[in-house]
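> Per our numbering, the sequence shown starts with residue -1, numbered consecutively.
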Amino acid sequence: MSVWLHLGLQAVGGLGLFLLGMWLLTEGLKLAAGHTLEHVLGTWTRNKKRGFVSGLALTALVQSSSAVTMATIGFVNAGLLTLAQSLWVMFGSNVGTTMTGWLVVLLGFKLEIDAYALPVIGIGALLRIFARGERTRSLGGALAGFGLLFMGIEVLRTAFAAHGPGETLLVPASAGLPDLVLMVAIGMLMTMVMQSSSASMAVLLTAVQGGLLPLEAAAAAVIGANIGTTSTALIASLGATPAAKRVASAHVAFNLITGIVALAILPLFIYVVPALQRLTHEGLDATTTLALFHTLFNLLGVVLMVPLSDPLQRFLLRRFRTAEEDEARPHYLDGNIASMPDLARTALIKELGLVAPMITGLGMQSIHAATRDVHPLNRRRLALDQRLAAISRFSSSASRETLPKEIAVSLEESMRIVQYYLNVTDLCVELAELRVELRTAHETGLKEPMDVWLTALSRLLELNGEPEKYDATAYENLYSTEEQTHDEVKDRLLALAAGAQISAETLSTALRFLSLSRRMGKQMRKAMRHLDALARYQVPEAGNEAA
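So, in structure tokens, the structure goes:
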């Protein structure tokens, strides 16, 4: 067997031990910590500084930036973290992952920790098997993983120390630019294959310590490993929600920026290292220098992100949008025009004109619901509620100015219209649930009166979706017809129940649906009348409003 084949087999075995140890350590610490990770992410990330420290500390604790990144994506999806908070958690996590390198250098190389690895593995395994509490068992697994991790490092050290004197791996001792580019690619590939930048760092450190890699080449590979760690987030974002894609994109952006920074300072690093080694009393060894470089360029990346994080956040919020998010965002309202009365009024009319057909669509979706899954409808309702709240805030902000009377009245009208629309959205989910119950009742005679009512109501709602075609006389005639149809359908349902053609439970559901859908039509009618008056600088008479 050749020397290089023997080295390769030993390296694979050592790497396997390291990865197994890292997995046991990470899983054990996560389980032992219980809800600590969730608690910290949920309560300690309210500003940039705390988010950064939380990401760093959690990654150092569980020894896995991937675990923290996945948890962060989950929290953003659940709405428990904003994108702004998640950015700084991930920036901290990237710095926290450099702690693994220091762990390897300070314990794996500086101390003869391999002498204690077997007892540590044994104690951890015994705790894992025989301990009663789940937390203690998890700590036992983490302890066994800690021992295996350093056993793996020792195997790697032994393998890399067995090569011939003066031999280097892949690149010459004096690496040129093509060699450094190759090592960046190799570092990326190593991390993508092993799904662990910590494992890549351990291999590179042991290769440098054994003399297989020159320091410059290893530094280039570390840059590649740092970029390669984005593969985990990218894989997790495939087919995921827009929020997850934004977090993953931010993770990629940060690592690309830090990679560019690292490549930029690499020549300076190569020049300064010999000077540092001459200045230090005992000399700065290559492995410590490599770990220092890894930490330094991640910190420099964070410094660069201080002014870039807000623009990055705004850029990402404009990407990967869902239909609900687009519906939640006002199109015409801008804080800059809130102090300009005529412009503010015009913007409000246009915005409410856009919202009207959306509210109509939501109402139609609710009264014709065919599935028990109301989550899509509820997401759309929440999005429209956010947009209506934005319209209300804009109106309130504009009303703080000294305004002409007609403008002040117009702002009041816009807030009244918003309230009518909010009343409509409040009804939609319950209406959808009631409609599905009626569809599944299969009661004799129920379909005909319900179809009559839905036809009349749908005609009224369709007119609400076209504010530009509003005709007061035609609209009021249609409303009167709808009211008459309501009374006739109600009488028909009561007659069906009296004749035992529908059950008492079905009657109750149908009457509830009839009442709520009629109320929804009334709220839309009021909103339409006020929207038309707002567009014409008029206000509906108070006596007509009670109808």
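Cβ coordinates follow ideal geometry from the N, Cα and C atoms, glycine included. Computed from a predicted structure; not experimentally measured.
#1: Provide the residue span of the alpha helix (DSSP H) that contains MET522, from first to last.
#2: Who are the near neighbours of PHE295 in its chain, counting only those whose CB is closer than 7 Å to its CB and skipping five residues on each side?
#3: Are the Cβ atoms of LEU350 and ARG378 separated by less than 7 Å?
#4: In angstroms with no decimal places, state the Cα-to-Cα distance between GLY162 and LEU17.
#5: Closer than 8 Å is the cut-off here; do at least three beta carbon pairs connect the stretch 468 to 476 with the stretch 496 to 507?
#6: How would you write the range of the alpha helix (DSSP H) that GLN193 sits in, first residue to last?
#7: Using the Cα positions of LEU187 and ASP340, report the straight-line distance between them to the nearest angstrom.
#8: Between GLY150, ALA218 and VAL206, which has its C-alpha nearest VAL179's C-alpha?
#9: So what's HIS292 in DSSP terms, helix, strand or just coil?
#10: For PHE128, does the count of other Cβ atoms within 10 angstroms reach 16, so buried, or fall short, so exposed?
#11: Just to confirm my understanding: we take TRP100, look at its own chain, exclude 5 residues before and 5 after, and list those with CB closer than 8 Å. What are they?
#12: Grouping DSSP H, G and I as helix and E and B as strand, with all else coil, what is ASN253?
#13: I need the boundaries of the alpha helix (DSSP H) containing GLY222, first residue and last residue.
#14: Under a Cβ-count criterion, where at least 16 other Cβ atoms within 10 Å of its own Cβ denotes burial, should HIS373 be classed as buried or exposed?
#15: To the nearest angstrom, how far is the alpha carbon of VAL416 from that of SER408?
#16: Any idea if ILE560 is buried or exposed, counting beta-carbon neighbours within 10 angstroms, 16 or more meaning buried?
#17: Of the residues LEU13, LEU141 and MET448, which one's Cα is nearest the Cα of ARG433?
#18: Name the two residues that bound the continuous alpha helix (DSSP H) containing THR95.
#19: Between the Cα of GLU152 and those of ALA200, ALA140, VAL182 and SER136, spot the shortest distance and give me the residue it belongs to.
#20: So LEU459 packs on MET526, CB below 8 Å; how close in whole Å?
#21: For a test of the three-state rule: what should DSSP assign to TYR419, helix, strand or coil?
#22: To which residues of the same chain is LEU13 closer than 6 Å at the C-beta, ignoring the five residues directly before and after it?
#23: Pick from THR369, GLN193, THR287 and SER62: whose alpha carbon is nearest that of VAL103?
#24: Which of helix, strand or coil does DSSP assign to ARG135?
#25: Quick check for students: name the residue ranges of the alpha helix (DSSP H) that lie wholly in the stretch 337 to 409, counting only runs of 4 or more.
#26: Under 7 Å between the Cβ atoms of GLY19 and SER136?
#27: If you reduce the DSSP assignment to three classes, tell me which class ARG327 lands in.
#28: Give the range of the alpha helix (DSSP H) segment to which LYS488 is assigned.
#29: Does GLU446 come out as helix, strand or coil in the three-state DSSP assignment?
#30: Determine whether the beta carbon atoms of VAL66 and SER84 lie at a separation below 7 Å.
#31: Apart from the five residues just before and just after GLY443, which ones in its own chain have a Cβ nearer than 6 Å to its Cβ?
#32: Can you tell me where the alpha helix (DSSP H) holding GLY49 begins and where it ends?
#33: Just to confirm my understanding: we take ALA142, look at its own chain, exclude 5 residues before and 5 after, and list those with CB closer than 7 Å. What are they?
#34: Here's the rule I'm using: 16 or more other beta-carbon atoms within 10 Å means buried, otherwise exposed. How should GLN482 be labelled?
#35: In this structure, how does DSSP classify PRO163 when only helix, strand and coil are distinguished?
#36: With a cut-off of 8 Å on the beta carbons, I'd call ARG133 and GLN207 a contact; round off their distance for me.
Let me lay it out:
#1: As a position in the sequence shown, residue 522 is number 524, starting the count at 1. 502 to 533 is the span of the alpha helix (DSSP H), which, as asked, contains MET522.
#2: Within the sequence shown, the letter at position 297 stands for residue 295. So the qualifying residues of the chain are THR256, VAL259, ALA260 and ILE263.
#3: Taking the sequence shown and counting its residues from 1, one reaches residue 350 at position 352. Taking the sequence shown and counting its residues from 1, one reaches residue 378 at position 380. Cβ atoms of LEU350 and ARG378: not closer than 7 Å.
#4: Locating residue 162 in the sequence shown gives position 164, counting from the first residue. Locating residue 17 in the sequence shown gives position 19, counting from the first residue. Legend: pLDDT at GLY162 = 47, less than 50; position of this residue unreliable, no value from coordinates given.
#5: no
#6: Translated into positions along the sequence shown, residue 193 becomes position 195. Run containing GLN193: none; DSSP gives neither H nor E here.
#7: Stepping through the sequence shown from its first residue, residue 187 is reached at position 189. Stepping through the sequence shown from its first residue, residue 340 is reached at position 342. Looking at the two C-alpha atoms, the distance is approximately 60 Å.
#8: Mapped onto the sequence shown, residue 179 falls at position 181. Checking every option, the nearest Cα to that of VAL179 belongs to ALA218.
#9: By one-based count along the sequence shown, residue 292 stands at place 294. HIS292 falls in the helix class under three-state DSSP.
#10: Here residue 128 corresponds to residue number 130 of the sequence shown, with the count starting at 1. Label assigned to PHE128: exposed.
#11: By 1-based counting over the sequence shown, the position of residue 100 is 102. For TRP100, where only same-chain residues beyond five positions count, the Cβ hits under 8 Å are ALA289 and THR293.
#12: Stepping through the sequence shown from its first residue, residue 253 is reached at position 255. Here ASN253 sits in helix by DSSP.
#13: By 1-based counting over the sequence shown, the position of residue 222 is 224. From DSSP, the alpha helix (DSSP H) with GLY222 extends over 213 to 226.
#14: Reading the sequence shown from its first residue, position 375 is the one you call residue 373. Under this definition HIS373 is an exposed residue.
#15: In the sequence shown, counting from the first residue as 1, residue 416 sits at position 418. In the sequence shown, counting from the first residue as 1, residue 408 sits at position 410. Spanning the two alpha carbons is a distance of roughly 12 Å.
#16: Residue coverage of the chain in this structure runs from -1 to 545, which leaves residue 560 outside it and unanswerable.
#17: Position 435 of the sequence shown holds residue 433. When each option's Cα is compared against that of ARG433, the closest is MET448.
#18: The residue given as residue 95 occupies position 97 in the sequence shown. Here THR95 belongs to no alpha helix (DSSP H), and DSSP marks it neither H nor E.
#19: As a position in the sequence shown, residue 152 is number 154, starting the count at 1. Among ALA200, ALA140, VAL182 and SER136, the Cα nearest to that of GLU152 is on ALA200.
#20: As a position in the sequence shown, residue 459 is number 461, starting the count at 1. As a position in the sequence shown, residue 526 is number 528, starting the count at 1. Going by Cβ atoms, the distance from LEU459 to MET526 rounds to 10 Å, so no, they are not a contact pair.
#21: Indexing the sequence shown from 1 puts residue 419 at position 421. Helix, per DSSP.
#22: Position 15 of the sequence shown, counted from the first residue, corresponds to residue 13. Excluding residues within five positions, none has a Cβ falling inside 6 Å.
#23: On the sequence shown, residue 103 is found 105 positions in, with the first residue counted as 1. VAL103 has its Cα closest to that of THR287, out of THR369, GLN193, THR287 and SER62.
#24: In the sequence shown, counting from the first residue as 1, residue 135 sits at position 137. The answer is helix: DSSP assigns ARG135 an H, G or I state.
#25: 339 to 365 and 373 to 396
#26: Residue numbering aside, residue 19 sits at position 21 when the sequence shown is read from its first letter. Residue numbering aside, residue 136 sits at position 138 when the sequence shown is read from its first letter. Against a cut-off of 7 Å, the Cβ pair of SER136 and GLY19 comes out as no contact.
#27: Walking along the sequence shown from the start, residue 327 turns up at place 329. Reduced to three states, the DSSP call for ARG327 is coil.
#28: Here residue 488 refers to the residue found at position 490 of the sequence shown. LYS488 -> alpha helix (DSSP H) spans 470 to 496.
#29: Here residue 446 refers to the residue found at position 448 when the sequence shown is read from its first residue. Looking at GLU446 - three-state DSSP - the assignment turns out to be helix.
#30: As a working mapping, residue 66 is identified with position 68 in the sequence shown. As a working mapping, residue 84 is identified with position 86 in the sequence shown. No, the Cβ-Cβ distance between VAL66 and SER84 is not below 7 Å.
#31: For this step, residue 443 is matched to residue 445 along the sequence shown. So the list reads LEU494 and GLN499, once near-sequence residues are dropped.
#32: One-based indexing of the sequence shown puts residue 49 at position 51. Run containing GLY49: 46 to 60, per the alpha helix (DSSP H) assignment.
#33: For the purposes of this step, residue 142 is taken as residue 144 along the sequence shown, with counting starting at 1. So the qualifying residues of the chain are LEU22, ILE119, GLY122, ALA123 and ARG126.
#34: One-based indexing of the sequence shown puts residue 482 at position 484. Exposed.
#35: For the purposes of this step, residue 163 is taken as the residue at position 165 of the sequence shown. With a pLDDT of 47 at PRO163, under the threshold of 50, the modelled position of that residue is not reliable, and the figure given next carries that caveat. Here PRO163 sits in coil by DSSP.
#36: By one-based count along the sequence shown, residue 133 stands at place 135. By one-based count along the sequence shown, residue 207 stands at place 209. With 8 Å as the limit, ARG133 and GLN207 do not qualify as a contact, their Cβ atoms being about 36 Å apart.
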